[in-house]
Amino acid sequence: MKKKIGILVSGRGSNMLAIIKASKESTFPGEVAIVISDNPDAPALKKAQDNGVKAIYIDPGRKGAYLSTQAETQYAEVLKKHGVDIVVLAGFMRIIRKPLLSAFPNSIINIHPSLLPAFPGLNAQKQALDYGVKVAGCTVHFVNEDVDAGPIIIQSCVPVLQDDTPETLSQRILKEEHKILVEAVKLLCEERIKIEGRRVLILPQQG
Ligand code: GAR
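Quick look at the structure:
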């Protein structure tokens, strides 16, 4: 049976769209059950609806990095109500805490636009450029109580070019984000991911 995926978004939604598009393939092992945004104006909401996926705004309850406890409990309840097995943070600009983490143990993943553990937090691509690294990239990781710090599932790297701006570097990284996020969601849906301490093992395909 296909796993049910819930996606949390705050803005543009290109990573979300990559998952929705992949999930329309008949062989993809998951389907997107619900998209939730903490931002009523997120373009992602309309993009999801245009692609036939239910997408709603839920009031985050407060400004800043966190959802209010009450709001986060509501997010968890709505995801559960839609039968969600796997939660994907796809450009969701809030830090997740207990209500969601304990409702979905080892089942929440995040895409981050740097090669973690380098450059966690906001504006990761600009941080990489300012630091002067020659290779940048992106990471899909499990979400735990620390910011951008859970076990790493997949990473992909891109070169940093001499004339890069934060925008050109972000574009190059984004193309890789779409690929590794879809791949990680697929692996999770296929139950081919095993966490051993900080290390994530990818199990071979059945059959
Ligand atoms: C992506 O680059 C994603 O990695 C980043 O926000 C962008 C969202 O774009 N997320 C973070 O920085 C989280 N710390 P999208 O809405 O088009 O997917």
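For what it's worth, the numbering used here labels the leading residue of the sequence shown as 26, then goes sequentially. Ideal Cβ placement from N, Cα and C applies to all residues, glycine included.
Drop a sphere of 10 angstroms on the beta-carbon of residue i, count the other beta-carbons inside from all chains shown, and report buried for 16 or more, exposed for fewer.
i	result
Y156	exposed
L186	exposed
V78	buried
I81	exposed
D63	buried
P124	buried
R223	exposed
V112	buried
L154	buried
E221	exposed
G232	exposed
Once you ignore the five residues that flank residue i on each side, which residues in its own chain have a CB closer than 8 Å to its CB?
i	result
P68	G36, R37, G38
I61	G31, I32, L33, V34, A80, I81, Y82, I83, Y100, V103, L104
L126	I133, V168, N169, E170
Q74	A80
Is it the case that the CB of residue i approaches a heavy atom of the ligand GAR more closely than 7 Å?
i	result
S48	no
M118	yes
N64	no
L199	yes
G36	yes
H260	Here the chain covers residues 26 to 232 and nothing more, so residue 260 does not appear.
A153	no
I45	no
A8	Outside the displayed range of the chain (26 to 232) lies residue 8, so it cannot be described from this structure.
A149	yes
N40	yes
A69	yes
C182	no
H137	yes
E202	yes
C163	yes
Helix, strand or coil: which one does DSSP assign to residue i?
i	result
V103	helix
K14	As displayed, the chain neither begins before 26 nor continues past 232, which places residue 14 out of reach and without an answer.
V109	coil
I45	helix
I121	coil
V185	coil
S62	strand
I136	strand
A115	coil
L226	strand
K219	strand
E56	strand
K164	Here residue 164 turns out to be Thr, not Lys, going by the sequence shown. Note: T164 maps to strand in three-state DSSP.
A289	There is simply no residue 289 to check, as the chain begins at 26 and stops at 232 in what is shown.
Which residues in the same chain as residue i place their Cβ atom closer than 6 Å to its Cβ, once the five residues preceding and following it in sequence are excluded?
i	result
D173	H137, L141, P145
F129	V112
H107	A58, I59
A43	H203, V207
Give every residue of the same chain whose Cβ lies closer than 7 Å to the Cβ of residue i, excluding the five residues on either side of it in the sequence, and list them in chain order.
i	result
D110	K28, K29, S132
E202	N40, I136, P138, C163
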